[in-house]
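Structure record follows, encoded as structure tokens.
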Amino acid sequence: LEDYQSGVPRWCSGCGDNAVLAAVQRLCRDENLRPEKLAFVSGIGCASRFPHYMRTYGFHGIHGRALPIAEGVKMARPDLHVFVNTGDGDCCSIGAAHWLHAIRYNMNMTVVLHDNHVYGLTKMQVSPTSPKGLRSNTTPHGSYLDALNPLTVTLGVTNVSFVAQAVDWIPEVVHAVIQAAFHHKGFSFVRIIQRCPEFLPKMWEPWLHDPQKTLLLEHQDGIGYSAGLQKIYKNRQAHDPADIHKAREIASCIDPIPVGILYRDDSVPCYEDIREAGKPRPIEMVRSGLEAELDKFTVWPDAADAGAPTP
Ligand code: SF4
Ligand code: MG
Numbered sequence: 019l020e021d022y023q024s025g026v027p028r029w030c031s032g033c034g035d036n037a038v039l040a041a042v043q044r045l046c047r048d049e050n051l052r053p054e055k056l057a058f059v060s061g062i063g064c065a066s067r068f069p070h071y072m073r074t075y076g077f078h079g080i081h082g083r084a085l086p087i088a089e090g091v092k093m094a095r096p097d098l099h100v101f102v103n104t105g106d107g108d109c110c111s112i113g114a115a116h117w118l119h120a121i122r123y124n125m126n127m128t129v130v131l132h133d134n135h136v137y138g139l140t141k142m143q144v145s146p147t148s149p150k151g152l153r154s155n156t157t158p159h160g161s162y163l164d165a166l167n168p169l170t171v172t173l174g175v176t177n178v179s180f181v182a183q184a185v186d187w188i189p190e191v192v193h194a195v196i197q198a199a200f201h202h203k204g205f206s207f208v209r210i211i212q213r214c215p216e217f218l219p220k221m222w223e224p225w226l227h228d229p230q231k232t233l234l235l236e237h238q239d240g241i242g243y244s245a246g247l248q249k250i251y252k253n254r255q256a257h258d259p260a261d262i263h264k265a266r267e268i269a270s271c272i273d274p275i276p277v278g279i280l281y282r283d284d285s286v287p288c289y290e291d292i293r294e295a296g297k298p299r300p301i302e303m304v305r306s307g308l309e310a311e312l313d314k315f316t317v318w319p320d321a322a323d324a325g326a327p328t329p
């Protein structure tokens, strides 16, 4: 309650969550979105404080369950645009089963994965996206496993319809991909590589200082980048977001790290539309239809003529 009333983010100074908040608030301003037409849903983690700072409808949910809650909101209020803010632990660990099926259902919502590669709220434990060898409170000798890649996982699920990536230190791209995700009809998955200066202060330093370590994906009919940005980031590549094989190939890169829209398919139907089209008829219609069918075949004996008891 205190968080909601103050409206001042409680994230650490320099935390990448602030960049995502700024991009989303700019989107709301640019698109003139009415607060009563938006719902922000989150699970548990640092990023999950997000709904408190939006002054729209919001649901700060339970760990790993942001997506099913968001689906419920969408089913009950299809007129709302639903945003989900989830972390790498929230989405890719405890919430992984929900994540896969939410992609398959392809409901119309914008999902932002704040991937800081660690559990920050609980003071540094490895998450599924932590790099191999990371020393943490749960892995004092370094983590043994290779990191899970949320982009390749999403791109491997049936009905995937939108996948994009941005890094929190390039605000223009964060805003551009979230805006494109907002306009895509379907489950729009945006992974933000997010810095956690509290627990992983040096992790992205090389990428911050060398623009060659970032790959700007250029799209013929997708997002455009400003001249200023293109002047700094000269490592650019024309990319067709309809090519899922290329998207999967690019998604595996970390050096340089690709930013922009990796994949988009506007033809995948949304679950809410399929459901609406296939909705069973109300019971009265079923009954009257059934009676009409029965009338064709049933000849009720005339009780008076036959002298028989009334059926
Ligand atoms: Fe951000 Fe890390 Fe602080 Fe959490 S712990 S608010 S992720 S900097
Ligand atoms: Mg995290």
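For the sequence shown, counting from 1, position 288 maps to 306 in UniProt numbering; every step adds exactly one. Beta carbons are placed, not taken as given, at the ideal position from N, Cα and C, and that holds for glycine.
Look at residue i and residue j and say whether their C-beta atoms are less than 8 Å apart.
{"i": "S161", "j": "S179", "result": "no"}
{"i": "A199", "j": "V191", "result": "no"}
{"i": "G107", "j": "A84", "result": "no"}
{"i": "N64", "j": "P215", "result": "The displayed chain sequence assigns Cys, not Asn, to residue 64. Going by C-beta atoms, C64 is not nearer than 8 Å to P215."}
{"i": "R209", "j": "V175", "result": "no"}
{"i": "A88", "j": "V59", "result": "yes"}
{"i": "A256", "j": "Y281", "result": "no"}
{"i": "L247", "j": "G278", "result": "no"}
{"i": "L102", "j": "V144", "result": "Note on identity: in this sequence residue 102 is Val, with Leu being the wrong assignment. The answer is no: Cβ separation not under 8 Å."}
{"i": "M142", "j": "N155", "result": "yes"}
{"i": "G61", "j": "G79", "result": "yes"}
{"i": "Q197", "j": "G34", "result": "no"}
{"i": "A37", "j": "D186", "result": "yes"}
{"i": "V195", "j": "A182", "result": "yes"}
{"i": "C288", "j": "M93", "result": "no"}
{"i": "T157", "j": "S206", "result": "no"}
Figure out for me which residue from the options has the closest Cα to the Cα of residue i.
{"i": "L226", "options": "P274, E236, R266 and A198", "result": "P274"}
{"i": "R254", "options": "T128, T104 and I268", "result": "I268"}
{"i": "H132", "options": "L39, H263, C271 and D283", "result": "L39"}
{"i": "Y137", "options": "P224, T104, W117 and Y243", "result": "T104"}
{"i": "Q230", "options": "E89, I250, Q212 and R44", "result": "I250"}
{"i": "D97", "options": "L163, R52, F217 and T157", "result": "R52"}
{"i": "R153", "options": "Y243, L235 and F217", "result": "F217"}
{"i": "P86", "options": "W222, C109, H70 and R73", "result": "C109"}
{"i": "Y71", "options": "A245, T128 and L56", "result": "L56"}
{"i": "T232", "options": "D239, Q238 and W222", "result": "W222"}
{"i": "N167", "options": "S111, D186 and H159", "result": "S111"}
{"i": "N177", "options": "E294, I188, P224 and L118", "result": "L118"}
{"i": "residue 3", "options": "H237, Y243, A245 and H81", "result": "An answer regarding residue 3 cannot be provided, because it is not within the stretch 19 to 329 covered by the chain."}
{"i": "L139", "options": "Y243, R44 and H81", "result": "H81"}
{"i": "R47", "options": "E290, D239, H193 and H263", "result": "H193"}
Here's the rule: buried if 16 or more other CB atoms are within 10 angstroms of the residue's CB, otherwise exposed. What is residue i?
{"i": "I241", "result": "buried"}
{"i": "G204", "result": "buried"}
{"i": "G32", "result": "exposed"}
{"i": "E54", "result": "exposed"}
{"i": "I292", "result": "exposed"}
{"i": "Q23", "result": "exposed"}
{"i": "H201", "result": "exposed"}
{"i": "R95", "result": "exposed"}
{"i": "S270", "result": "exposed"}
{"i": "K220", "result": "exposed"}
{"i": "P329", "result": "A caution first: P329 carries a pLDDT of 48, below 50, which makes its placement in the model too unreliable to give a value."}
{"i": "V26", "result": "exposed"}
{"i": "G296", "result": "exposed"}
{"i": "I272", "result": "exposed"}
{"i": "A165", "result": "buried"}
{"i": "N50", "result": "exposed"}
{"i": "R67", "result": "buried"}
{"i": "K120", "result": "Reading off the sequence shown, one finds Ala at residue 120, where the question assumed Lys. Burial call: buried."}
{"i": "L163", "result": "exposed"}
{"i": "H263", "result": "exposed"}
{"i": "P276", "result": "buried"}
{"i": "P224", "result": "exposed"}
Helix, strand or coil for residue i, going by three-state DSSP, please let me know.
{"i": "E216", "result": "coil"}
{"i": "Q238", "result": "coil"}
{"i": "R47", "result": "helix"}
{"i": "Y251", "result": "coil"}
{"i": "Y243", "result": "coil"}
{"i": "P276", "result": "strand"}
{"i": "V91", "result": "helix"}
{"i": "I112", "result": "helix"}
{"i": "I211", "result": "strand"}
{"i": "V185", "result": "strand"}
{"i": "Y281", "result": "strand"}
{"i": "Y137", "result": "strand"}
{"i": "A269", "result": "helix"}
{"i": "residue 331", "result": "With the chain represented from 19 up to 329, any question about residue 331 goes unanswered, as that position is not in the structure."}
{"i": "A165", "result": "coil"}
{"i": "N155", "result": "coil"}
{"i": "L39", "result": "helix"}
{"i": "P69", "result": "helix"}
Report the partner residues of residue i according to the DSSP bridge assignment.
{"i": "S206", "result": "T128 and F180"}
{"i": "N103", "result": "S60 and V130"}
{"i": "A256", "result": "E236"}
{"i": "H78", "result": "S60"}
{"i": "Q143", "result": "Y137"}
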